[in-house]
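Here is the structure we will look at, set down as structure tokens.
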Amino acid sequence: MSYHLGIDVGGTNTDAVLLDRSTRKVIARTKKPTTADIISGVEQAIGSLLGKANVIKSDIKLAMLGTTCCTNAIVERKDLNSVAHFRLGAPSTTAILPFSDIPDDFRRHMATRLFVVAGGMEYNGDILSPLDEDTLRCHLREIKGEIDAVSVCGVFSPVRSIQEQRAATVIREELGSDIPISLSSQIGSLGLLERENASILNAALFNTARHITKGFHLALEKHAINAETYFSQNDGTLMSLEQAEKYPILTIASGPTNSIRGASWLANVQNALIIDIGGTTTDVGFLVNGFPRESCIAAQIGGVRTNFRMPDIESIGLGGGTIVTITDTGDIQIGPESVGYRLTEKSLVFGGDILTLTDIAVAKGQNILGDPGRVSHLSASLVNRVFKHYVEMIENVIDRMKTHAAPVPVILVGGGAFLLPTCLRGAAEVITPPNADVANAAGVTIAQVSGSVDTIMCLGNKSLDACMLEAQEAARQKAVAAGAQPDTVVIIDLQSMPLAYMPGNSVRIRAKAVGMLTSLC
Numbered sequence: 001m002s003y004h005l006g007i008d009v010g011g012t013n014t015d016a017v018l019l020d021r022s023t024r025k026v027i028a029r030t031k032k033p034t035t036a037d038i039i040s041g042v043e044q045a046i047g048s049l050l051g052k053a054n055v056i057k058s059d060i061k062l063a064m065l066g067t068t069c070c071t072n073a074i075v076e077r078k079d080l081n082s083v084a085h086f087r088l089g090a091p092s093t094t095a096i097l098p099f100s101d102i103p104d105d106f107r108r109h110m111a112t113r114l115f116v117v118a119g120g121m122e123y124n125g126d127i128l129s130p131l132d133e134d135t136l137r138c139h140l141r142e143i144k145g146e147i148d149a150v151s152v153c154g155v156f157s158p159v160r161s162i163q164e165q166r167a168a169t170v171i172r173e174e175l176g177s178d179i180p181i182s183l184s185s186q187i188g189s190l191g192l193l194e195r196e197n198a199s200i201l202n203a204a205l206f207n208t209a210r211h212i213t214k215g216f217h218l219a220l221e222k223h224a225i226n227a228e229t230y231f232s233q234n235d236g237t238l239m240s241l242e243q244a245e246k247y248p249i250l251t252i253a254s255g256p257t258n259s260i261r262g263a264s265w266l267a268n269v270q271n272a273l274i275i276d277i278g279g280t281t282t283d284v285g286f287l288v289n290g291f292p293r294e295s296c297i298a299a300q301i302g303g304v305r306t307n308f309r310m311p312d313i314e315s316i317g318l319g320g321g322t323i324v325t326i327t328d329t330g331d332i333q334i335g336p337e338s339v340g341y342r343l344t345e346k347s348l349v350f351g352g353d354i355l356t357l358t359d360i361a362v363a364k365g366q367n368i369l370g371d372p373g374r375v376s377h378l379s380a381s382l383v384n385r386v387f388k389h390y391v392e393m394i395e396n397v398i399d400r401m402k403t404h405a406a407p408v409p410v411i412l413v414g415g416g417a418f419l420l421p422t423c424l425r426g427a428a429e430v431i432t433p434p435n436a437d438v439a440n441a442a443g444v445t446i447a448q449v450s451g452s453v454d455t456i457m458c459l460g461n462k463s464l465d466a467c468m469l470e471a472q473e474a475a476r477q478k479a480v481a482a483g484a485q486p487d488t489v490v491i492i493d494l495q496s497m498p499l500a501y502m503p504g505n506s507v508r509i510r511a512k513a514v515g516m517l518t519s520l521c
């Protein structure tokens with residue numbers, strides 16, 4: 001027998017499932033309140049699962065974790081590394097300095113030393129300016145012992161990263177081999193300032209990532225589970241413990257993608273709109289060929305503009321714990337405040353004194369929770385008004401997320417899925433699969449590994465088809481390097497965009513490949 005352990009840590013709950021690999025069925029599941037330190041909640045979830053499932057611990061071969069730790073660290077401005085950042089771009093990029101567009105409060109909470117040295121590449125991979133190693137070494141000696149991590153961003157480094165790689169070698173020579181380094185070419189795509197911000201944030205998260213990876217390992221060890229460990233990233237695939245420590249920023253927004261992947265698997269649907277309703281928020285995303293649709297706009301992370309891959313998700317302050325307020329004039333206000341994980345203490349049906357959307361849904365007959373008699377005093381008129389109001393909020397998000405007017409399949413998941421009716425405007429059908437409330441944890445257990453390429457190529461004497469084949473092969477090789485079995489790797493996304501006003505018949509090519517973990521084949 002072989003089992004997969006999947007855990008997803010949300011803002012309100014920590015969900016966990018145990019999946020039987022041979023039958024692909026969830027054999028045990030649990031939902032525990034998320035704890036402030038996160039890891040103790042993970043330990044409780046693992047203990048609860050083992051208590052429900054009669055399995056031999058040695059049969060648990062893989063353990064996967066999705067967590068909000070890195071997101072919280074950035075949003076709350078806490079536990080961030082002190083970072084020295086080097087832009088390889090003088091003299092051509094000195095007009096706008098690194099990290100110049102970040103919020104003032106972020107700057108106050110994060111110690112950074114920013115430098116611009118000569119270097120950079122042209123759009124076609126030619127050298128724009130040679131790397132000034134002497135100046136780089138001078139700055140490194142100046143900051144030695146004062147910083148926790150280093151980030152490097154070179155002009156057009158995703159096209160050719162040779163200068164970033166050389167800079168990393170110099171940094172290790174001057175600061176020691178243990179200094180963590182974040183290279184922008186390994187994180188973001190084309191676009192200097194946004195990619196630079198992403199590389200700095202990645203460096204700031206190294207300690208947070210090491211804390212969570214070490215904590216997860218210890219939680220498994222405490223329960224005598226000796227399994228391969230993986231972490232979910234925000235494209236719906238997995239990365240190893242070592243990769244999670246090296247690229248922690250790629251775990252940001254992994255929660256919604258876990259739910260999207262889990263919804264696809266539980267409902268056996270490859271293309272649909274996913275609505276994930278939690279205790280505080282609702283996340284709406286699109287499932288394309290079994291994976292989340294990627295956003296085509298720059299992502300704002302804690303007010304910092306970045307351009308690394310992010311799922312196309314819209315979130316609104318609506319969940320099972322969302323507070324409903326009736327004003328003196330009779331108007332209805334829904335959220336964004338929520339009782340969150342204190343739902344079972346504060347909402348009316350559980351003996352509390354705060355009206356929540358869970359109370360409205362119970363009064364409407366959507367579900368039976370707590371003591372329905374505690375909401376019997378609510379008038380049918382009020383219940384219907386609130387119900388109609390929050391359903392319209394969801395339907396408006398559906399309209400914004402669709403790319404065409406035709407109705408689309410909708411899959412409801414999350415602990416608050418019961419809030420919605422079986423018919424929604426813009427939905428061809430509404431599906432609530434079994435285990436919908438732990439779809440996020442299920443999504444972690446089934447994730448694959450991936451590799452992606454985003455580059456500019458000059459066609460010259462090459463054909464576009466030849467360049468696209470080259471990009472596909474590079475994406476495949478990255479997936480294999482990430483742990484995919486070569487014969488399972490497939491291309492799931494391939495795009496080419498001609499670039500105007502550039503010589504050499506240039507084209508931007510993006511390719512993404514996914515495959516099954518070698519250990520599963």
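Counting along the sequence shown from 1, when you hit position 132 you're at 132 in full-length UniProt numbering, and nothing is skipped either side.
The beta-carbon is built from N, C-alpha and C at its ideal position, and this holds for glycine as well.
Problem set entry | Outcome for Ile39 when other beta-carbon atoms lying within 10 angstroms are tallied against a minimum of 16 | As a first step, residue 39 is located in the sequence shown; it is residue number 39 there, counting from the start. With 16 or more Cβ atoms within 10 Å of its Cβ, Ile39 is classed as buried.
Exercise. From which residue to which residue does the alpha helix (DSSP H) around His85 run?
Worked result: What you label residue 85 is simply residue 85 of the sequence shown in a count that begins at 1. No alpha helix (DSSP H) contains His85, which is instead part of the beta strand (DSSP E) from Val83 to Ala90.
Problem set entry | Between the CA atoms of Glu221 and Leu420 - distance to the nearest angstrom | Within the sequence shown, the letter at position 420 stands for residue 420. Within the sequence shown, the letter at position 221 stands for residue 221. Distance between the alpha carbons of Leu420 and Glu221: 40 angstroms.
Exercise. Taking C-beta to C-beta, are Asp59 and Met121 nearer than 7 angstroms?
Worked result: Here the question's residue 59 lines up with position 59 in the sequence shown. Here the question's residue 121 lines up with position 121 in the sequence shown. No, these two residues do not count as a Cβ contact at 7 angstroms.
Exercise. Should the stretch 105-122 be regarded as contacting the stretch 240-247, the criterion being three or more beta carbon pairs within less than 8 angstroms?
Worked result: no
For this session: Count the CB pairs spanning the stretch 493-508 and the stretch 210-217 that are closer than 8 angstroms, and state whether there are at least three.
Result: no
For this session: Would you mind listing the alpha helix (DSSP H) stretches within the stretch 38-80 that are 4+ residues and don't spill past its ends, in chain order?
Result: 39-52 and 69-75
Exercise. For Leu131, which three-state DSSP category applies?
Worked result: Counted from its first residue, the sequence shown places residue 131 at position 131. Leu131: coil per DSSP, three-state reduction.
Problem set entry | C-beta contact flag for Ile316 and Thr282 at 7 angstroms | The residue given as residue 316 occupies position 316 in the sequence shown. The residue given as residue 282 occupies position 282 in the sequence shown. Closer than 7 angstroms, so yes.
For this session: Indicate whether Val438 and Val17 have their beta-carbon atoms separated by less than 7 angstroms.
Result: Within the sequence shown, the letter at position 438 stands for residue 438. Within the sequence shown, the letter at position 17 stands for residue 17. A contact, by the Cβ cut-off of 7 angstroms.
Problem set entry | Check whether Met516 and Gln448 have beta carbons under 7 angstroms apart | On the sequence shown, position 516 is the one that residue 516 refers to. On the sequence shown, position 448 is the one that residue 448 refers to. Yes; because the gap between Cβ atoms is below 7 angstroms, this pair is in contact.
Exercise. Between the Cα of Glu142 and the Cα atoms of Ile96, Gln165, Asp132 and Leu175, which residue gives the shortest distance?
Worked result: Here the question's residue 142 lines up with position 142 in the sequence shown. With distances taken between Cα atoms, Glu142 lies closest to Leu175.
For this session: Taking 8 angstroms as the threshold, find out whether the stretch 303-315 comes into contact with the stretch 272-286 through three or more Cβ pairs.
Result: yes
Problem set entry | Range covered by the alpha helix (DSSP H) that runs through Met239 | In the sequence shown, the residue the question calls residue 239 occupies position 239. From DSSP, Met239 is part of no alpha helix (DSSP H) but of the beta strand (DSSP E) over Thr237 to Ser240.
For this session: For the alpha helix (DSSP H) containing Arg305, list its first residue and its last residue.
Result: Your numbering for residue 305 matches position 305 in the sequence shown. Arg305 -> not in any alpha helix (DSSP H); beta strand (DSSP E) instead, spanning Val304 to Thr306.
Exercise. Per DSSP, which one or two residues make a beta bridge with Lys25?
Worked result: The residue given as residue 25 occupies position 25 in the sequence shown. Bridge partners of Lys25: Asp20.
Exercise. Quick one: complete beta strand (DSSP E) runs, 3+ long, within the stretch 318-401?
Worked result: 322-326 and 332-338
Exercise. Comparing alpha-carbon positions, which option in Pro130, Ile334 and Ile332 lies nearest Ser161?
Worked result: Residue 161 sits at position 161 when you count from the first residue of the sequence shown. When each option's Cα is compared against that of Ser161, the closest is Pro130.
Problem set entry | Of the listed residues Asp178, Phe206 and Leu5, nearest to Cys69 (C-alpha basis) | Locating residue 69 in the sequence shown gives position 69, where the first residue counts as 1. When only C-alpha atoms are compared, the closest one is Phe206.
Exercise. Apart from the five residues on each side of it in sequence, which residues of its chain come closer than 8 angstroms, Cβ to Cβ, to Val480?
Worked result: Within the sequence shown, numbered from 1, the residue matching residue 480 stands at position 480. Cβ neighbours of Val480 beyond the five flanking positions: Gly451, Pro486, Val489 and Gly515.
Exercise. In whole angstroms, what separates the C-alpha of Ile179 from that of Thr30?
Worked result: Mapped onto the sequence shown, residue 179 falls at position 179. Mapped onto the sequence shown, residue 30 falls at position 30. Approximately 39 angstroms between the Cα atoms of the pair.
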